[in-house]
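Residue numbers (my numbering), protein chains in the order written: chain A, 302 to 523; chain B, 857 to 1080.
A short worksheet on the structure shown next.
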């Protein structure tokens, strides 16, 4: 099988579409530099390795403690950011951004009592993460109940040696580079405002049609 | 009798808590030995102000909160609560230790290079000062996520060593090495100025390394 050439996905919106929550200049650096470099380093790291023929989704599922760091960190970085871009949509200033009706919303009510309850718990997790990392929502074919998982660096619950058995269907970037140019040290404010960007439609669909079926959410379809 | 009147309504449990809190003075942000703009153009005043007044200050206040809770947990004999506080103590205590060293490790560009004992030790363990810079820079740049690169002193071997620590893990408590010079590679340490180009920041920081401070830490570590 031929080796994959991993590609930086195009954003589903223009660089200025997430203003004023995230500035155009910040998004250009986050996507155009950070994510692009993960992809370039991933391509270099997998040359000649058997994982090089796998999709990014399948590669992540193969990663374990024996995987070279360069593969792990860059594959994680590429997948996580790809999922992150999909979790956001163009922002209408001051618009209410509710979770649409459906299985995800029902599950949110079951586990967190309300949308606000969910957001509160996500925010708590994000503020407690003592370093760089991600906040994921996960579920799987045997567990419809939503779990909030805090994972450091570019790891993912999909990886074999990372605790947690769920499929992430929501990813919130808590690395300082995700918010520092817009919010500096104010991580709490970043998260409060970020909920105005969340594409709950995508998240609901990813929960119902991927996570609940035990499939890693495909991010490479852009 | 006076004692009884003073403490009326206060139980012995309150007394223990009050005594233990007041007998332990709170941690404070150390004075910065220079103005915020003193390290320019290598580290901007904007970064220095936020790094010191917000990030370091938050580690200090959260450390004080964690230690207060620790006092209360100990007073109650609640071992579980004591253990549960360990991550907060490690993170905030480490953050306070690390940044307190960092501000001293840096100083306005002086053009100084290491001399005497420190220079000899560096040449012995790294071949040259240039080689030390390359090795510590490489290690610091390679830190995944947040953390610190360190030049440390190994008391057992009497040698200089490079180490990296994740997040705010303090060097001495987690490795036994005495910290001599630390490079903060959390993104907050450089992002506003250098964006994602951590190597440029790490290269620049050598211009503001305070070799007098590093040498005095080395001398103290050797004699201690």
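We put the beta carbon where it would ideally sit given N, CA and C, even for glycine.
Who are the near neighbours of residue i in its chain, counting only those whose CB is closer than 6 Å to its CB and skipping five residues on each side?
| i | result |
| --- | --- |
| residue 879 of chain B | Any reading at residue 879 of chain B needs caution, since the residue's pLDDT is 47, under 50, leaving its predicted position unreliable; the model's value is listed next. None. |
| residue 959 of chain B | 888 |
| residue 963 of chain B | 1066 |
| residue 951 of chain B | 915 and 1024 |
In its own chain, which residues sit with a C-beta less than 7 Å from the C-beta of residue i, not counting the 5 before and 5 after it?
| i | result |
| --- | --- |
| residue 405 of chain A | 504, 505, 508 and 509 |
| residue 401 of chain A | 501, 502 and 505 |
| residue 913 of chain B | 885 |
| residue 445 of chain A | 408 and 513 |
| residue 499 of chain A | 388, 389 and 398 |
| residue 317 of chain A | 325 |
| residue 299 of chain A | Nothing about residue 299 of chain A can be reported from this structure: the residues present for chain A run from 302 to 523 only. |
Thinking C-beta only, is residue j closer than 7 Å to residue i?
| i | j | result |
| --- | --- | --- |
| residue 281 of chain A | residue 357 of chain A | Past the boundaries of the shown model lies residue 281 of chain A; chain A is included only from 302 to 523, so the question cannot be answered. |
| residue 1055 of chain B | residue 997 of chain B | yes |
| residue 1039 of chain B | residue 1005 of chain B | yes |
| residue 1048 of chain B | residue 903 of chain B | yes |
| residue 388 of chain A | residue 472 of chain A | yes |
| residue 474 of chain A | residue 413 of chain A | no |
| residue 342 of chain A | residue 381 of chain A | no |
| residue 1074 of chain B | residue 974 of chain B | yes |
| residue 344 of chain A | residue 314 of chain A | no |
| residue 410 of chain A | residue 1052 of chain B | no |
| residue 905 of chain B | residue 892 of chain B | yes |
| residue 1018 of chain B | residue 992 of chain B | yes |
| residue 377 of chain A | residue 455 of chain A | yes |
| residue 1060 of chain B | residue 898 of chain B | yes |
| residue 1035 of chain B | residue 957 of chain B | yes |
| residue 955 of chain B | residue 486 of chain A | no |
| residue 426 of chain A | residue 447 of chain A | no |
| residue 436 of chain A | residue 415 of chain A | no |
Hey, out of the options, whose CA is closest to residue i's CA?
| i | options | result |
| --- | --- | --- |
| residue 392 of chain A | A:519, A:477, A:375 and A:323 | A:323 |
| residue 340 of chain A | A:315, A:316, A:366 and A:311 | A:311 |
| residue 977 of chain B | B:995, B:1007, B:965 and B:1059 | B:1007 |
| residue 909 of chain B | B:1076, B:1045 and B:1010 | B:1045 |
| residue 483 of chain A | A:331, A:305, A:426 and A:335 | A:331 |
| residue 1063 of chain B | B:973, B:883, B:894 and B:882 | B:894 |
| residue 1003 of chain B | B:1041, B:987, B:974 and B:1037 | B:1041 |
| residue 1026 of chain B | B:936, B:900 and B:943 | B:943 |
| residue 320 of chain A | A:370, A:377, A:309 and A:394 | A:394 |
| residue 1078 of chain B | B:1015, B:1050, B:994 and B:968 | B:1015 |
| residue 383 of chain A | A:367, A:428, A:309 and A:355 | A:309 |
| residue 1086 of chain B | B:982, B:983 and B:968 | No answer is possible for residue 1086 of chain B: it lies beyond the span of chain B, which begins at 857 and ends at 1080. |
| residue 966 of chain B | B:1050, B:911, B:1011 and B:1068 | B:1068 |
| residue 1080 of chain B | B:907, B:1010 and B:1043 | B:1010 |
| residue 424 of chain A | A:443, A:350, A:488 and A:366 | A:488 |
| residue 1072 of chain B | B:971, B:981, B:1029 and B:901 | B:971 |
| residue 994 of chain B | B:981, B:980, B:1057 and B:907 | B:1057 |
| residue 379 of chain A | A:443, A:366, A:333 and A:430 | A:333 |
Is the beta carbon of residue i within less than 6 Å of some heavy atom of the ligand ATP?
| i | result |
| --- | --- |
| residue 895 of chain B | Here there are no bound small molecules, and the ligand ATP is not part of this structure. |
For residue i, which residues from the same chain have a beta carbon less than 8 Å from its beta carbon, with the 5 sequence-adjacent residues on both sides left out?
| i | result |
| --- | --- |
| residue 941 of chain B | 922, 925, 926 and 929 |
| residue 468 of chain A | 439, 440, 441, 458, 459, 511, 512, 515, 516, 517 and 518 |
| residue 497 of chain A | 322, 392, 396 and 398 |
| residue 353 of chain A | 304, 305 and 347 |
| residue 1031 of chain B | 1008, 1019 and 1021 |
| residue 433 of chain A | 453, 454, 475, 476 and 477 |
| residue 875 of chain B | In this predicted model, residue 875 of chain B has a pLDDT of only 46, less than 50, meaning its place in the structure is not dependable; the value taken from the coordinates is given anyway. Contacts found: none. |
Count Cβ pairs between the stretch 909–919 of chain B and the stretch 941–950 of chain B that sit closer than 8 Å; are there 3 or more?
yes
Three CB pairs or more closer than 8 Å across the stretch 311–327 of chain A and the stretch 475–485 of chain A:
yes
Is it the case that the stretch 417–433 of chain A contacts the stretch 482–495 of chain A, given that we only count it when at least three CB pairs across the two stretches are under 8 Å?
yes
Do the stretch 459–479 of chain A and the stretch 1018–1033 of chain B make contact, defined as three or more Cβ pairs closer than 8 Å?
no
Note down, one range per segment and in chain order, each alpha helix (DSSP H) of at least 4 residues found wholly within the stretch 302–330 of chain A.
325–330
Which complete alpha helix (DSSP H) runs does the stretch 933–982 of chain B hold, if anything under 4 residues is left out?
935–940, 942–961 and 972–982
To test your reading of the DSSP string, which unbroken alpha helix (DSSP H) runs of 4 or more residues are found completely within the stretch 419–486 of chain A?
481–484
For the stretch 986–1070 of chain B, list the alpha helix (DSSP H) runs that are entirely contained and at least 4 residues long, ordered along the chain.
1027–1031, 1047–1050 and 1054–1061
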